[in-house]
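Peer 1: Counting from 60, one number per residue, gives the positions in the sequence shown under this note's numbering.
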Amino acid sequence: MPLGLWRGSLVLNLKMSELRVLKIGGSVITNKSKEETPKPDQMRRISEEVKRSGVSKLVLIHGAGSFGHPQAKKYFESKDVRDALKTHAAVKRLNGMFLEALSDVGLEVVPVHPMSCAVMRGGVLRTMSLEPVRLALTKRVIPVLHGDICLDELRGFSILSGDEILVHVAAAFKASKAGAGVREDGVFAKQDSKIYMLREITPSNFEALRPEIEEFERFLLSESVATAAAEEHDVTGRMLSKVERLLGLATAHSVPSLIFNAEKEGNVLKFLRGEKVLGTVVSP
60 MPLGLWRGSL VLNLKMSELR VLKIGGSVIT NKSKEETPKP DQMRRISEEV
110 KRSGVSKLVL IHGAGSFGHP QAKKYFESKD VRDALKTHAA VKRLNGMFLE
160 ALSDVGLEVV PVHPMSCAVM RGGVLRTMSL EPVRLALTKR VIPVLHGDIC
210 LDELRGFSIL SGDEILVHVA AAFKASKAGA GVREDGVFAK QDSKIYMLRE
260 ITPSNFEALR PEIEEFERFL LSESVATAAA EEHDVTGRML SKVERLLGLA
310 TAHSVPSLIF NAEKEGNVLK FLRGEKVLGT VVSP
(Lines of atoms letter the chains of each structure in order from A; the text may use other names.)
(Lines give C-alpha, C1' and ligand atoms only; values in the text may rest on other atoms or scores of the structure.)
Protein backbone atom coordinates (compact mmCIF):
# COMPACT_ATOMS: atom_id res chain seq x y z
CA MET A 60 0.00 0.00 0.00
CA PRO A 61 2.71 2.50 -0.94
CA LEU A 62 1.46 6.05 -0.64
CA GLY A 63 4.44 8.02 -1.82
CA LEU A 64 4.92 6.67 -5.32
CA TRP A 65 3.03 9.23 -7.41
CA ARG A 66 5.19 11.29 -9.71
CA GLY A 67 4.97 14.01 -12.33
CA SER A 68 2.44 16.82 -12.06
CA LEU A 69 0.21 15.52 -9.27
CA VAL A 70 -1.05 18.48 -7.31
CA LEU A 71 -0.28 17.21 -3.83
CA ASN A 72 -0.46 20.72 -2.38
CA LEU A 73 -4.15 21.07 -3.23
CA LYS A 74 -5.69 21.05 0.21
CA MET A 75 -9.47 20.81 0.05
CA SER A 76 -10.52 21.02 3.66
CA GLU A 77 -14.14 20.07 2.99
CA LEU A 78 -13.47 17.39 0.41
CA ARG A 79 -15.07 14.00 0.98
CA VAL A 80 -13.84 10.94 -0.91
CA LEU A 81 -16.31 8.08 -0.88
CA LYS A 82 -15.91 4.61 -2.31
CA ILE A 83 -19.02 2.48 -2.78
CA GLY A 84 -18.21 -1.22 -2.81
CA GLY A 85 -19.03 -3.24 -5.90
CA SER A 86 -21.15 -5.63 -3.83
CA VAL A 87 -23.38 -2.70 -2.80
CA ILE A 88 -24.38 -1.76 -6.34
CA THR A 89 -24.11 -5.18 -8.02
CA ASN A 90 -24.98 -8.77 -7.25
CA LYS A 91 -21.49 -10.25 -7.18
CA SER A 92 -22.78 -13.82 -7.43
CA LYS A 93 -24.32 -13.17 -10.88
CA GLU A 94 -22.16 -11.80 -13.64
CA GLU A 95 -23.05 -8.27 -14.80
CA THR A 96 -26.08 -7.96 -12.52
CA PRO A 97 -26.58 -4.39 -11.27
CA LYS A 98 -28.66 -3.21 -8.32
CA PRO A 99 -30.43 -0.19 -9.83
CA ASP A 100 -32.46 0.50 -6.69
CA GLN A 101 -29.29 0.82 -4.64
CA MET A 102 -27.71 3.11 -7.23
CA ARG A 103 -30.79 5.31 -7.23
CA ARG A 104 -31.00 5.48 -3.43
CA ILE A 105 -27.30 6.31 -3.06
CA SER A 106 -27.63 8.96 -5.76
CA GLU A 107 -30.56 10.54 -3.94
CA GLU A 108 -28.61 10.59 -0.67
CA VAL A 109 -25.63 12.22 -2.36
CA LYS A 110 -27.96 14.85 -3.81
CA ARG A 111 -29.66 15.50 -0.46
CA SER A 112 -26.32 15.86 1.34
CA GLY A 113 -25.57 19.11 -0.46
CA VAL A 114 -21.84 18.36 -0.38
CA SER A 115 -20.07 20.57 -2.90
CA LYS A 116 -16.67 18.85 -2.94
CA LEU A 117 -16.93 15.11 -3.47
CA VAL A 118 -15.04 12.41 -5.32
CA LEU A 119 -16.97 9.19 -5.83
CA ILE A 120 -15.38 5.83 -6.52
CA HIS A 121 -17.11 2.51 -7.01
CA GLY A 122 -15.97 -1.07 -7.08
CA ALA A 123 -16.35 -3.30 -10.11
CA GLY A 124 -18.49 -5.98 -8.47
CA SER A 125 -19.92 -8.48 -10.93
CA PHE A 126 -18.86 -6.21 -13.80
CA GLY A 127 -15.17 -6.72 -13.13
CA HIS A 128 -14.25 -9.54 -10.77
CA PRO A 129 -15.66 -12.46 -12.81
CA GLN A 130 -14.22 -11.00 -16.02
CA ALA A 131 -10.80 -10.53 -14.45
CA LYS A 132 -10.88 -14.14 -13.27
CA LYS A 133 -11.58 -15.24 -16.85
CA TYR A 134 -9.27 -12.98 -18.79
CA PHE A 135 -6.58 -11.56 -16.55
CA GLU A 136 -4.01 -14.34 -16.86
CA SER A 137 -3.71 -14.01 -20.64
CA LYS A 138 -2.13 -10.52 -20.44
CA ASP A 139 -3.63 -9.98 -23.89
CA VAL A 140 -4.79 -6.43 -24.53
CA ARG A 141 -8.00 -7.72 -26.10
CA ASP A 142 -8.84 -9.64 -22.93
CA ALA A 143 -7.94 -6.67 -20.76
CA LEU A 144 -10.35 -4.56 -22.77
CA LYS A 145 -13.18 -7.02 -22.05
CA THR A 146 -12.76 -6.38 -18.33
CA HIS A 147 -12.43 -2.62 -18.82
CA ALA A 148 -15.50 -2.51 -21.05
CA ALA A 149 -17.57 -4.35 -18.44
CA VAL A 150 -16.54 -1.94 -15.68
CA LYS A 151 -17.32 1.00 -17.96
CA ARG A 152 -20.83 -0.35 -18.43
CA LEU A 153 -21.35 -0.32 -14.67
CA ASN A 154 -19.82 3.14 -14.42
CA GLY A 155 -22.27 4.35 -17.07
CA MET A 156 -25.22 2.99 -15.10
CA PHE A 157 -24.07 4.67 -11.90
CA LEU A 158 -23.45 7.95 -13.72
CA GLU A 159 -26.95 7.80 -15.17
CA ALA A 160 -28.47 7.25 -11.73
CA LEU A 161 -26.50 10.20 -10.31
CA SER A 162 -27.42 12.42 -13.23
CA ASP A 163 -31.09 11.48 -13.03
CA VAL A 164 -31.37 13.06 -9.56
CA GLY A 165 -29.86 16.30 -10.82
CA LEU A 166 -26.17 15.86 -9.98
CA GLU A 167 -23.45 17.00 -12.35
CA VAL A 168 -21.01 14.14 -12.79
CA VAL A 169 -18.16 13.11 -15.06
CA PRO A 170 -16.45 9.71 -15.46
CA VAL A 171 -12.71 9.30 -14.93
CA HIS A 172 -11.50 5.93 -16.20
CA PRO A 173 -8.28 4.78 -14.48
CA MET A 174 -7.17 2.69 -17.46
CA SER A 175 -6.57 5.96 -19.30
CA CYS A 176 -4.70 7.81 -16.56
CA ALA A 177 -2.97 5.29 -14.27
CA VAL A 178 0.20 3.23 -14.65
CA MET A 179 1.08 0.23 -12.47
CA ARG A 180 4.46 -1.34 -11.81
CA GLY A 181 4.54 -4.91 -10.58
CA GLY A 182 0.94 -4.67 -9.38
CA VAL A 183 1.58 -1.43 -7.47
CA LEU A 184 0.15 1.94 -8.51
CA ARG A 185 3.11 3.97 -9.78
CA THR A 186 1.43 7.10 -11.12
CA MET A 187 -2.09 8.38 -11.76
CA SER A 188 -2.96 11.71 -13.30
CA LEU A 189 -5.58 13.44 -11.16
CA GLU A 190 -5.76 16.65 -13.18
CA PRO A 191 -9.24 15.73 -14.55
CA VAL A 192 -10.39 15.14 -10.97
CA ARG A 193 -8.97 18.47 -9.81
CA LEU A 194 -10.57 20.33 -12.71
CA ALA A 195 -13.96 18.71 -12.12
CA LEU A 196 -13.84 19.70 -8.45
CA THR A 197 -13.05 23.31 -9.28
CA LYS A 198 -16.17 23.34 -11.49
CA ARG A 199 -18.29 21.72 -8.73
CA VAL A 200 -18.72 18.60 -10.82
CA ILE A 201 -18.46 15.19 -9.14
CA PRO A 202 -15.76 12.98 -10.68
CA VAL A 203 -16.72 9.30 -10.59
CA LEU A 204 -13.86 6.78 -10.72
CA HIS A 205 -13.91 2.99 -10.47
CA GLY A 206 -11.79 -0.09 -10.00
CA ASP A 207 -10.19 -0.94 -13.32
CA ILE A 208 -7.55 -2.90 -15.17
CA CYS A 209 -4.51 -0.77 -16.04
CA LEU A 210 -1.27 -0.97 -17.95
CA ASP A 211 1.63 -2.36 -15.92
CA GLU A 212 5.27 -1.67 -16.78
CA LEU A 213 6.33 -5.18 -15.73
CA ARG A 214 3.26 -7.38 -16.11
CA GLY A 215 1.39 -6.05 -19.09
CA PHE A 216 -1.73 -5.31 -17.05
CA SER A 217 -2.64 -5.20 -13.37
CA ILE A 218 -5.84 -4.62 -11.43
CA LEU A 219 -6.22 -1.26 -9.73
CA SER A 220 -8.81 -1.62 -6.98
CA GLY A 221 -11.30 1.00 -5.90
CA ASP A 222 -9.74 0.89 -2.43
CA GLU A 223 -6.33 1.82 -3.85
CA ILE A 224 -7.91 4.69 -5.77
CA LEU A 225 -9.71 5.86 -2.62
CA VAL A 226 -6.41 6.09 -0.73
CA HIS A 227 -4.55 7.69 -3.62
CA VAL A 228 -7.16 10.41 -4.19
CA ALA A 229 -7.74 11.15 -0.51
CA ALA A 230 -3.99 11.50 0.08
CA ALA A 231 -3.32 13.60 -3.01
CA PHE A 232 -6.02 16.15 -2.19
CA LYS A 233 -5.67 16.04 1.60
CA ALA A 234 -9.33 15.11 1.96
CA SER A 235 -11.11 15.92 5.20
CA LYS A 236 -12.42 12.38 5.40
CA ALA A 237 -12.53 9.16 3.39
CA GLY A 238 -15.33 6.63 3.42
CA ALA A 239 -15.55 3.00 2.39
CA GLY A 240 -19.18 1.98 1.95
CA VAL A 241 -19.50 -1.79 2.20
CA ARG A 242 -22.24 -4.34 2.97
CA GLU A 243 -21.19 -4.81 6.59
CA ASP A 244 -21.62 -2.44 9.52
CA GLY A 245 -17.85 -2.22 9.95
CA VAL A 246 -14.79 -4.37 10.61
CA PHE A 247 -15.46 -7.50 12.64
CA ALA A 248 -13.09 -9.55 14.76
CA LYS A 249 -13.28 -12.92 16.49
CA GLN A 250 -11.71 -13.90 19.79
CA ASP A 251 -12.37 -17.48 20.82
CA SER A 252 -16.15 -17.81 20.35
CA LYS A 253 -16.86 -14.08 20.64
CA ILE A 254 -17.52 -12.04 17.50
CA TYR A 255 -17.57 -8.27 17.82
CA MET A 256 -17.31 -5.12 15.73
CA LEU A 257 -14.30 -2.85 16.07
CA ARG A 258 -15.24 0.78 16.65
CA GLU A 259 -11.77 2.25 16.02
CA ILE A 260 -8.51 1.07 14.50
CA THR A 261 -5.33 3.10 14.98
CA PRO A 262 -1.62 2.56 14.31
CA SER A 263 -1.19 1.78 18.01
CA ASN A 264 -3.82 -0.96 18.29
CA PHE A 265 -3.81 -2.52 14.83
CA GLU A 266 -1.13 -5.17 15.32
CA ALA A 267 -2.89 -6.42 18.44
CA LEU A 268 -6.19 -6.57 16.55
CA ARG A 269 -4.85 -8.09 13.33
CA PRO A 270 -4.98 -11.74 14.52
CA GLU A 271 -8.61 -11.34 15.58
CA ILE A 272 -9.58 -9.76 12.25
CA GLU A 273 -7.81 -12.61 10.46
CA GLU A 274 -9.59 -15.12 12.68
CA PHE A 275 -12.97 -13.66 11.77
CA GLU A 276 -12.14 -13.84 8.06
CA ARG A 277 -11.11 -17.49 8.44
CA PHE A 278 -14.36 -18.10 10.29
CA LEU A 279 -16.36 -16.54 7.45
CA LEU A 280 -14.64 -18.69 4.86
CA SER A 281 -15.27 -21.83 6.89
CA GLU A 282 -18.94 -21.22 7.60
CA SER A 283 -21.54 -22.63 5.23
CA VAL A 284 -23.60 -19.46 5.66
CA ALA A 285 -20.71 -17.52 4.16
CA THR A 286 -20.19 -19.72 1.11
CA ALA A 287 -21.49 -16.95 -1.13
CA ALA A 288 -19.02 -14.50 0.36
CA ALA A 289 -16.17 -16.86 -0.36
CA GLU A 290 -17.33 -17.29 -3.95
CA GLU A 291 -17.80 -13.65 -4.86
CA HIS A 292 -14.90 -13.69 -7.33
CA ASP A 293 -13.09 -11.01 -5.33
CA VAL A 294 -9.70 -10.43 -6.98
CA THR A 295 -8.69 -7.37 -4.95
CA GLY A 296 -8.47 -8.66 -1.37
CA ARG A 297 -10.79 -8.78 1.61
CA MET A 298 -11.46 -6.57 4.62
CA LEU A 299 -7.99 -6.83 6.12
CA SER A 300 -6.34 -5.38 3.03
CA LYS A 301 -8.89 -2.55 3.05
CA VAL A 302 -8.00 -1.77 6.67
CA GLU A 303 -4.27 -1.85 5.89
CA ARG A 304 -4.67 0.63 3.05
CA LEU A 305 -6.81 3.00 5.09
CA LEU A 306 -4.40 2.74 8.01
CA GLY A 307 -1.61 3.76 5.65
CA LEU A 308 -3.70 6.77 4.61
CA ALA A 309 -4.19 7.74 8.25
CA THR A 310 -0.56 7.22 9.21
CA ALA A 311 1.13 8.88 6.25
CA HIS A 312 -1.37 11.65 5.53
CA SER A 313 -3.44 12.08 8.71
CA VAL A 314 -6.67 11.47 6.78
CA PRO A 315 -9.25 9.59 8.88
CA SER A 316 -11.70 7.20 7.28
CA LEU A 317 -14.86 5.29 8.08
CA ILE A 318 -15.83 1.78 7.01
CA PHE A 319 -19.61 1.61 7.13
CA ASN A 320 -22.67 -0.11 5.70
CA ALA A 321 -23.67 1.71 2.50
CA GLU A 322 -26.63 -0.61 1.98
CA LYS A 323 -28.45 0.85 4.97
CA GLU A 324 -30.71 3.71 4.03
CA GLY A 325 -29.44 7.07 5.26
CA ASN A 326 -25.86 6.03 5.99
CA VAL A 327 -24.36 7.61 2.86
CA LEU A 328 -26.28 10.82 3.59
CA LYS A 329 -25.07 10.90 7.20
CA PHE A 330 -21.46 10.22 6.24
CA LEU A 331 -21.42 13.03 3.69
CA ARG A 332 -23.02 15.46 6.14
CA GLY A 333 -20.52 14.56 8.83
CA GLU A 334 -23.16 13.05 11.08
CA LYS A 335 -22.62 10.02 13.28
CA VAL A 336 -22.73 6.70 11.42
CA LEU A 337 -22.26 3.23 12.85
CA GLY A 338 -18.99 1.87 11.53
CA THR A 339 -15.29 1.38 12.13
CA VAL A 340 -13.18 4.52 12.25
CA VAL A 341 -9.59 4.25 11.03
CA SER A 342 -7.74 7.08 12.76
CA PRO A 343 -4.21 8.52 12.64
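Glycine residues also receive a C-beta, built at the ideal position from the N, C-alpha and C atoms.
All figures in this text were calculated on a predicted structure; none of them were measured in a lab.
With three or more C-beta pairs closer than 8 Å as the rule, is the segment 200–220 touching the segment 235–250?
Peer 2: Counting Cβ pairs under 8 Å, fewer than three are found: no touch.
Peer 1: For the beta strand (DSSP E) containing Phe-247, list its first residue and its last residue.
Peer 2: Taken as a continuous stretch (DSSP letters only), the beta strand (DSSP E) holding Phe-247 covers 246–250.
Peer 1: Give me the DSSP bridge partner(s) of Phe-216.
Peer 2: Answer by DSSP bridge pairing, in chain order: Leu-210.
Peer 1: Within the continuous beta strand (DSSP E) that includes His-172, where are the two ends?
Peer 2: Unbroken run through His-172: none, as it is neither H nor E.
Peer 1: Should Phe-126 and Gly-165 be called a contact, given that it needs their Cβ atoms to be closer than 9 Å?
Peer 2: Against a cut-off of 9 Å, the Cβ pair of Gly-165 and Phe-126 comes out as no contact.
Peer 1: Report the CB separation of Ala-230 from His-312 in whole angstroms; it is logged as a contact under 8 Å.
Peer 2: Ala-230 to His-312, Cβ: 4 Å. Contact.
Peer 1: Between which two residues does the alpha helix (DSSP H) carrying Leu-331 extend?
Peer 2: That run of the alpha helix (DSSP H) goes 326–332.
Peer 1: Enumerate, from N- to C-terminal direction, the unbroken beta strand (DSSP E) stretches of 3 or more residues contained entirely within the segment 95–156.
Peer 2: Fully enclosed beta strand (DSSP E) runs of 3 or longer: 117–121.
Peer 1: So what does DSSP say about Ser-342, is it helix, strand or coil?
Peer 2: Note: Ser-342 maps to coil in three-state DSSP.
Peer 1: Can you tell me whether Ile-96 is buried or exposed? The criterion is at least 16 other CB atoms within 10 Å of its CB, across all chains shown.
Peer 2: For the record, residue 96 in the displayed sequence is Thr; it is not Ile. Exposed is the call here.
Peer 1: Is it buried or exposed, Pro-262, if we count other Cβ atoms within 10 angstroms and call 16 or more buried?
Peer 2: Classification of Pro-262: exposed, given that the 10 Å Cβ count is below 16.
Peer 1: What residue from Leu-158, Glu-94, Leu-184 has the CA that sits closest to Val-109's CA?
Peer 2: Ranking Leu-158, Glu-94, Leu-184 by Cα distance to Val-109 puts Leu-158 first.
Peer 1: Please look up how many angstroms separate the CB atoms of Val-241 and Ile-260, rounded, as I've assumed it's under 8 Å.
Peer 2: Contact flag wrong, Cβ pair sits at about 14 Å.
Peer 1: Have a look at the DSSP bridge pairing and note the partners of Lys-253.
Peer 2: Lys-253 is bridged to Gln-250.
Peer 1: Below 8 Å on the Cβ atoms is my guess for Val-171 versus Val-203; work out the distance and round it to an integer in Å.
Peer 2: Val-171 to Val-203, Cβ: 7 Å. Contact.
Peer 1: Identify, in the order they occur along the chain, each residue of the same chain with its Cβ nearer than 6 Å to the Cβ of Leu-117, setting aside the five sequence neighbours on each side.
Peer 2: The residues are Arg-79, Ile-201.
Peer 1: Please confirm whether Ala-195 and Thr-186 have their CB atoms less than 9 Å apart.
Peer 2: It is not a contact, given that the beta carbons lie outside the stated cut-off.
Peer 1: Can you name, in chain order, every residue of its own chain whose Cβ lies under 6 Å from the Cβ of Pro-343, other than the five neighbours on each side?
Peer 2: Counting only Cβ-Cβ distances below 6 Å, and skipping sequence neighbours, we find Ala-309, Ser-313.
Peer 1: Can you name the residues that DSSP bridges to Ala-239?
Peer 2: DSSP output for Ala-239 lists Lys-82, Ile-318 as bridge partner(s).
Peer 1: Closest to Pro-191 by C-alpha separation, out of Phe-232, Leu-213, Asp-163, Ala-160, would be which residue?
Peer 2: Closest option to Pro-191, Cα to Cα, is Phe-232.
Peer 1: Please state the DSSP three-state secondary structure of Leu-166.
Peer 2: DSSP places Leu-166 in coil when its eight states are reduced to three.
Peer 1: If you reduce the DSSP assignment to three classes, tell me which class Glu-259 lands in.
Peer 2: Glu-259: strand per DSSP, three-state reduction.
Peer 1: With distances taken from CA atoms, which of Asp-244, Lys-138, Glu-167 is nearest Val-87?
Peer 2: Ranking Asp-244, Lys-138, Glu-167 by Cα distance to Val-87 puts Asp-244 first.
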